[in-house]
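Residue numbers (the working numbering): 1207 to 1480.
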């Protein structure tokens, strides 16, 4: 099993790490408990996504690998005299280019896991995909939740001197700390997935982020697993007794009736806004 990164230099590391691990997930695993019971199998080889904690030859979170592309002949690319750009995978890099921020792609790599097939993940950053379009709304909602719980406005801090490359060092530890309180796992059954407008799993993702931004749980922690399966025929949301762990199960192919209300109602209940 191999996973494709921007650079050919990483392919050897990627292959050996994948053989050793037997599979992985895109995004980070996060420090807090996140229920994954019932998550669909994406493929026989497991789920794919952004490397967790430096796996698959990528740097650990908080480290910087310099330019992703090698120069001809295999020599490492020259480093700039300014701050070194973090090493992104294809999806995170697309988010970086689209939004022009660092908190955007870090929301994807630090606070989100995509348990999807390799073919599906490869399409998430396509410039015309609704998966990429939705990341703007998702990042906005995660930043709103963080500001509600911590008082920190990551985007304002990152851009306080109009020098994001410099002030990102102030934001990254805040996001790492926030990862102890929030994480979203999205699991979509199948090797491939739809990424165009109207794809159910993307609509769930959007509605879910709107729900936690508008109705932040009073517990001050939130770990969500969204399981999108072919067998599901209705939207269900299971919340543990602490009010911090949500497991959402939703149909992949056939839209359930009143699913928007079924998804948001548990958040309204936990926020005391029924």
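We put the beta carbon where it would ideally sit given N, CA and C, even for glycine.
Judged by DSSP in its simplified three-state form, residue 1423 adopts coil rather than helix or strand. Listed in chain order, the beta strand (DSSP E) runs fully inside the stretch 1359 to 1395 are 1388 to 1394, counting runs of at least 3 residues. With respect to residue 1458, residue 1435 sits close: the two C-beta atoms are nearer than 9 Å. Nearest C-alpha to residue 1473 among 1443, 1455, 1309: 1443. Its chain contains 1335, 1336 as the residues whose beta carbon lies nearer than 8 Å to that of residue 1402, once the 5 sequence neighbours on both sides are disregarded; these appear in chain order. Taking each of 1303, 1340, 1368, 1305 in turn and checking the Cα distance to residue 1404, the smallest one comes out for 1340.
Secondary structure note for residue 1345: its alpha helix (DSSP H) is the uninterrupted segment 1336 to 1356.
Excluding the 5 residues flanking it on each side, residue 1384 has same chain C-beta neighbours closer than 6 Å at 1352, in chain order. Pairing residue 1419 with residue 1413, the inter-Cα distance amounts to about 10 Å.
In this structure, residue 1301 lies near residue 1338, with their beta-carbon atoms less than 9 Å apart. The secondary-structure analysis by DSSP pairs residue 1444 across a beta bridge with 1453.
A distance below 7 Å between beta-carbons, with the five flanking residues on each side excluded, links residue 1461 to the following residues of its chain, in chain order: 1406.
In summary, residue 1375 is exposed, with fewer than 16 beta-carbon neighbours lying within 10 Å of its beta-carbon over all protein chains present. Restricting attention to 1310, 1465, 1359, 1332, the CA atom closest to the CA of residue 1409 is found in 1465.
Contact between the stretch 1316 to 1327 and the stretch 1354 to 1369 is absent: fewer than 3 CB-CB pairs across the two stretches fall below 8 Å.
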